[in-house]
Amino acid sequence: MQLSTVQPVFKLELNHKVTPDVVTIAKYDGTHPCLTASAGYDKIIIHHPHGGIASGRAQRSQAHGEVSELNLSQAIIALAAGPLRPDSGRDMLLIGSPTQILAYDVHDNTDLFFKEAPDGVNVIITGYFGKYTETLAIIGGNSSVQAVNWEGNEVFWNVVSGKVCAMITFDFDKDGENELLIGCDDSFIRVLKNNQFIAEIAETGPILCLSPVNEVRFAYGLANGTIGIYEEGIRLWRVKSKQNALALQWSGETLACCWSNGRVDWREGTTGIVLRRIQMRANAAAMLLADYRSVGAPDLVCVSDKGEVLGYPPYQENTGFNTASKNMPSEEDRLAITELFNQKQALMVELQHYEANAASGSASVESLERPASAMPTNTRLQVAILHTADEGNIHLAVSTNNDTIVRAALVLAEGIFENGETLVRHPLPSQLRSLLHVPLKPPRDVPVDVHIKALIGYPDSEQFHIFELTKQLPRFAMYQLINKEIRNKGNSYVTFRITERVQRICIWINQNFLLEEELDLETEETKELHINLLCLRDHSFLCMDFGPDGHVKFSTHDIRLAGDLIQSLAVYLNLSDLQNLH
Amino acid sequence: MDQKFAVGDKNGVLQCLSIKDEEPVVQFKTLPGKPITSVHLACAMGTQADKIFTASGNEVKGYTRKGKVFLSIETALTETITSMCIIGSDLILCSGRTVTYYRDLREYNSYVCDDRVLDIAAFANTRIRLLVLVANKGAVLLENGKLISRTVISSGPSRLAVPPSTHVTDIVAFYGAGDGSIGIISYEELTLSSKCLVDGRGLGSVVCLGWYFSNGNYHLSVGRHDGSIQLYLMDMEHFGEKPRLKYTYFCGEPVTSVTGGCVGTEESELLVATFSGRVFALRSSHLVTGAKVPQDILTARRGKLEVEVARLEKQTANEREKYQRNTRSLHAGLSTPPLLDIQYELLGALSDGWQEVRITSAVPLDMLFIYCSKKLEMQTDTAAVLSICSSKETGSDLLASVRCQAGTRRVWVKMRDSSDSPTESKFEGKRVLIYALPVGAPRVARLVTLKLPALPYYSGHVATEKNFENPERVWCQLEIAGSFSVAEMTSWLTEALPGELPRPASNVSFTRSHTLLETVLICQYQRGSATFKSDNVSTIATIRNIVSNCSVEKSIRVEISCDIPDSCCLRSFKNLESKFKAEYQKNKDIILKKAISMLDLDSSMNEEGPLLCQDYARVWDSRDSINETQFDELVETVVQWYSDWRALSVHENYSNVTSKLRSALTECRLDDVCKILSSNSSSLKEY
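Here the protein sequences line up with chains D and W, keeping their order.
Every letter in the first sequence is one number past the one before it in UniProt numbering, and letter 88, counting from 1, is 88.
Every letter in the second sequence is one number past the one before it in UniProt numbering, and letter 119, counting from 1, is 119.
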């Protein structure tokens, strides 16, 4: 798509470099927003177009009259601001250095508090959630989150199983209270409520940004270039780019996305279709929502790493790029005609392809002269998934039903390959068969959609037929059912009690495990179930015993697996509380 | 005046069309046949040009303006006619390497060029003289089947355009070249000479040229492979003047033909045909709004097209279903979809070593899947995402996928030898398999097989004569004798050299130059014997390896003998010395630049910039221009020269000398380098 010619409503230069992602906008005097950013290692700049900051630690910048500089003696990792003091509507500036947090009242030039953060500081946000009624400073560290109030006292603390990369407060379960959404570098978005994780959304890459959209939707961006929107925990759409999203903001009923290369696009909320896009002159440093012009509605404020600031009003349809065509209906017709011609051409090419088939339909399969692109019309592709315990992985067995060969297989899936999203098998000419094994080794237990593109033909073909298939790997695909009696060494297990018929549990197992044949209970009266599984990753054993009295025991040495199993079972059985026995 | 236009296509159909209210009206249309390779308008002397001539295969046909065939000849030419020229009742055809002249449909004379003929222009006054572009050789001027003059043009011209209004006696034509440049060829004072007028500078290679006349000015219109169409204003009084670029348009796919005319309106237009079969016209921009087509006609036309597309969609859906049903039937027929229309081209390496593959498809591409048995470095278009896929087995092969943006029809991929395996001996070229997968139907993937030559840098074409007398160069020579044919030798050399080699003839001779080192390779071969000369000992060593390897594969006995002068390494190094020094300096600058960048100097953004000593300031000021250096490559080259020389003439290798040489090179101790290189085998003991 062409770049939009939409012009910013305001534009200014800070004459300072800006560190990407360490930018905030705050009303230090309670009314006028000031852009605040890190300009290099330990320097903070504050832009105050509405009248200066009187004095104090901030010094007037030589490079720009409306900018004050604040020097700290430590590297600045994160900036945030919010009305922390319950007795004042003024925003306090929160400055995160690698191991400390400083809360600073810019207007009064006083330190609010100073707090050590031994777990490191990655993200700071301000907001309120759960039962807490006051605005808190929430700090995401390397493996934990903690919240402090305006006096610097810790209000809560919890462990997170990864480095925290993004956080928002958001009413996830629609109970009128905010929950804390935490995006981590282990590719999960977790929802924290009352100091408990109530939901976990598996994504395909480290989560870089989260942004609320409305009461039920929030947007996310990943380190692999994906952005998307969730609605009530279900993904509405996602798109992927070569760039990483730096910031997402909901502005004017569209999702504005700022990419690290300085491109900003506005997307339709329910589909992700790009409505317009602009390109900044340098790489992007931040995109925030603020009423910087004091007009009563927030503008989108885009900041480049060279210090250029551009303001865009909320998206309106008639400011889009296609205003020209509105004036000239004939131009619209011309565009439509060109598009129709393209469609016509594509259809003609496809028709030609079928016509050629019809023409050669009479040729027999046995004929010696086989054209370079021919193959029997009733060729079909079959895909099976097998466990291979000795290799410690699972295999996709891709095969055809006749003498054609699988020239290559491309497997596209997210989050299960070490690098990238594609695994390709291209056998040597001497190893071409009608069956091809593709090894897969999902590193974690999440359900994965696997798309397979197989190129089918003959060894000497110049053109191959593409067969496409999608398979879903169940969540616990890496566990193979074994029949022999086993006992785990070490007595690690988890037990609990549920009141559920084994029949339903049987369905859960069939859905979540990869079994050669469906698990079936012998009789209707069966009350208990014992199954033994082998983990292909480390060849450890997993025993699941469902006793007749509702007593359940999962024996495994892997605490994470035990947790995942319980989580999955609980979601399936719709349980919210579970009595843990040991 | 309402003009009509004629288009010949790959299916062999010639259509003559006119435009009414922006809608094409078919005047006549022929039946399909062999691909039409050339369309020409001509006439009897003095009348209006209204006869259409087409060439397809080895046939030439003539049509009247009504579409009646008045001429049809099947020539005795063995190769496809690539271009033609008609003057009165004289017909000049080019096919393969030959230019054949027919007078009154009888062969009058012919001339065989050194390489493929690319384009031809005829100049008729008292005598008819032909200007011929020959692949890799430049241009020649022919008269009566005899060569009267020739010139070498290194940029690889591929198309000619004769200025529409010249003095009868002038022989002058503009050319467009493979590297994107535009120049002029003229014949003055009995010599043919050429001059480059517009540099290529990264523009796509020129595919076609045409003339566009507007406001009393002549514009040269240039259609390029990258989809751009440009108009250059030409000074018709002074052809040698630099043309002025007036206009550029991107159409997104290779342009196959451009010509000026006025088919749609009274105003002049530029007609364009593209690779995928689109024909459209460009008009001067202030006229687009002016030329009003009634709204209702446009709407009607849109409606008509919509109906047609809907009908086609239905038909396609039917056929698609029938096809699907077939896959389930027990009686297997054969599915034989036509080959996807994909064009590809592998370019020789420039000085940075990257070899570019350009792939053009008539249907949008979804992805490319690339396989090579050896590791390669790769790059691709900004419109595509390259990912190197993990391959389990051996780890020595390369699997990569290139996923394209929606609507991509052209994509390039650059490849070069992986830098972690720099100087292994090369015995053959690398075979690269590229599978091109289209987005929609037909669901077939076309396999494109490429061969990356072992000596990719030898892509420069130079005249042979010039380099023999150069006293600066000292020649290593390789003589091969055996019972091989010229065709066999040519196929062996495709393993080594990039680009197209001359067609086999009884006696082949050509010269290539190295784009980075500027060394030269002279190849001369005929049936049973071949001679290769180069001032680069590694080149000779590689060719020797390849020839011996290939001949063993074909079980042909060959005798190979080398003549390697003792001083070859030293002399070659002397020729390289200034470049080596420059790259050494550049390498140092880059290291310095990295160090300075880490200081984060521009964060202060002082107006006068950071305070640095002179040397550092120079590096800092030019920080954007110094990016890449070939220093490491040059070091490896010189080390390779040395070890190849030892291997070929002394038959032993002292690894400690090699490492000494390498350290002397990396530290740029040139005296030591020369000492090592000049030492003959007896004095080596000292090191």
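Note that CB positions come from ideal geometry on N, CA and C, so glycine has one too.
Since the structure is predicted, the reported quantities are computational estimates derived from the model, not experimental observations.
Distance cutoff 8 Å, beta carbons only. Does P35(W) sit that close to anything in chain D?
It does not; no Cβ of chain D falls within 8 Å.
Within 8 Å (strictly less), CB to CB, does V411(W) reach chain D?
It does not: the Cβ of V411(W) has no partner Cβ on chain D nearer than 8 Å.
Classify S604(W) as helix, strand or coil using the three-state DSSP reduction.
Note that S604(W) scores a pLDDT of 48, beneath 50, so its modelled location is shaky and nothing firm can be said.
With H, G and I counted as helix, E and B as strand and the rest as coil, what does DSSP make of K314(W)?
K314(W) sits in a helix when the DSSP states are folded into three classes.
Per-residue burial, G303(W) [other beta carbons within 10 Å of its own, 16 or more giving buried]:
That one is exposed.
Between V462(W), S194(W), H225(W), G210(W), which lies nearest to G202(W) when the distance is taken from Cα to Cα?
Restricting attention to V462(W), S194(W), H225(W), G210(W), the CA atom closest to the CA of G202(W) is found in H225(W).
Proximal residues, the region 428–460 of chain W versus chain D, C-beta separation under 7 Å
Taking 7 Å as the Cβ-Cβ cut-off against chain D, the residues of the region 428–460 of chain W that qualify are Y435, L437, G440, A441, P442, R443, V444, A445, R446, L447.
Using a C-beta cutoff of 8 Å, does R215(D) count as contacting chain W?
Here the sequence assigns Glu to residue 215(D), which means Arg is not the residue at that position. Chain W, which has no Cβ nearer than 8 Å to the Cβ of E215(D), makes this no.
DSSP on residue 597(D), reduced to helix/strand/coil?
Nothing can be reported for residue 597(D), as the shown portion of chain D is limited to 1 through 582.
Helix, strand or coil for E188(W) per DSSP?
Residue state, collapsed to three classes: strand.
Going by alpha carbons, who is nearest to P442(D) out of A454(D), I385(D), N483(D), L469(D)?
Of the candidates A454(D), I385(D), N483(D), L469(D), the residue whose Cα lies closest to the Cα of P442(D) is I385(D).
What's the C-alpha gap between R407(D) and M489(W)?
Approximately 32 Å, taken between the alpha carbons.
Just to confirm the assignment: which complete beta strand (DSSP E) runs, minimum length 3, are found wholly within the region 467–512 of chain W?
Those beta strand (DSSP E) runs which fall completely within the region 467–512 of chain W and span 3+ residues are 476–482.
Within 8 Å of any Cβ in chain D, is that where the Cβ of R301(W) sits?
Residue contact with chain D for R301(W): present (Cβ-Cβ distance below 8 Å to some residue of chain D).
Name, going along the chain, the residues of the region 444–478 of chain D whose beta-carbon falls closer than 9 Å to a beta-carbon of chain W.
Residues K453, L455, G457, S461, E462, Q463, F464, H465, I466, F467, E468.
Which class does G127(D) belong to by DSSP, given the choice of helix, strand or coil?
Strand at G127(D).
Within this structure, are the beta carbons of E308(D) and A290(D) separated by less than 8 Å?
No. Outside cutoff.
For F114(D), which residues in the same chain have their Cβ closer than 8 Å to its Cβ, ignoring the five residues on either side in sequence?
Taken in chain order, the residues that qualify are Q100, I101, L102, A103, G152.
Short check: CB of I540(W) to CB of S534(W), under 8 Å?
In terms of Cβ geometry, I540(W) and S534(W) form a close pair [threshold 8 Å].
C-alpha distance - D672(W) paired with S663(W), whole-angstrom precision:
Their Cα atoms are separated by approximately 10 Å.
How long is the line joining the alpha carbons of Y230(D) and F170(D), rounded to whole angstroms?
Taking the straight line joining both Cα atoms gives about 12 Å.
Using the C-alpha atoms, what's the distance from E518(W) back to S351(W)?
Each residue's alpha carbon lies about 9 Å from the other.
Can you give the Cα-Cα distance for E130(D) and D173(D), rounded to whole angstroms?
First, the amino acid is wrong: residue 130(D) is Gly here, not Glu. Taking the Cα positions, G130(D) is about 11 Å away from D173(D).
Less than 7 Å separating the Cβ of L450(W) from some heavy atom of the ligand MN?
You won't find the ligand MN in this model; it holds no ligand whatsoever.
Where are the alpha helix (DSSP H) runs, 4 residues long or more, that stay fully inside the region 613–659 of chain W, in chain order?
Those alpha helix (DSSP H) runs which fall completely within the region 613–659 of chain W and span 4+ residues are 614–621, 631–645.
Suppose you measure from the CA of G503(W) to the CA of V486(W); what does that come to, to the nearest Å?
One detail in the question is off: residue 503(W) reads as Arg in this sequence, not Gly. Approximately 9 Å, taken between the alpha carbons.
When the cut-off is 8 Å and only beta carbons count, does G277(W) lie next to chain D?
Interface criterion met: the Cβ of G277(W) is under 8 Å from a Cβ in chain D.
What residue ranges within the region 178–247 of chain W form continuous beta strand (DSSP E) runs of no fewer than 3 residues, ordered along the chain?
DSSP runs (the beta strand (DSSP E)) wholly in the region 178–247 of chain W: 182–188, 191–198, 206–214, 217–224, 228–233.
Could you tell me whether any Cβ in chain D is nearer than 8 Å to the Cβ of L576(W)?
No, L576(W) does not count as interfacial toward chain D.
Counting only C-beta atoms, is A362(W) closer than 8 Å to chain D at any point?
Yes, contact with chain D.
Apart from the five residues on each side of it in sequence, which residues of its chain come closer than 6 Å, Cβ to Cβ, to S83(W)?
Here the set comprises S38, C94, D119, I120.
Going by DSSP in three states, V349(D) sits in which element: helix, strand or coil?
Three-state result, V349(D): helix.
Cα-Cα separation, L94(D) to A383(W):
When rounded, the distance between both Cα atoms is 41 Å.
Please state whether the Cβ-Cβ distance between Y344(W) and V448(W) is less than 8 Å.
Yes, the Cβ-Cβ distance between Y344(W) and V448(W) is below 8 Å.
Going by other Cβ atoms of all chains shown within 10 Å of its Cβ, with 16 needed for buried, is M348(D) buried or exposed?
Exposed: under 16 other Cβ atoms inside 10 Å.
Every unbroken beta strand (DSSP E) inside the region 204–244 of chain D [3 residues or more]
Within the region 204–244 of chain D, complete beta strand (DSSP E) segments of at least 3 residues are found at 207–212, 217–222, 226–231, 234–240, given in chain order.
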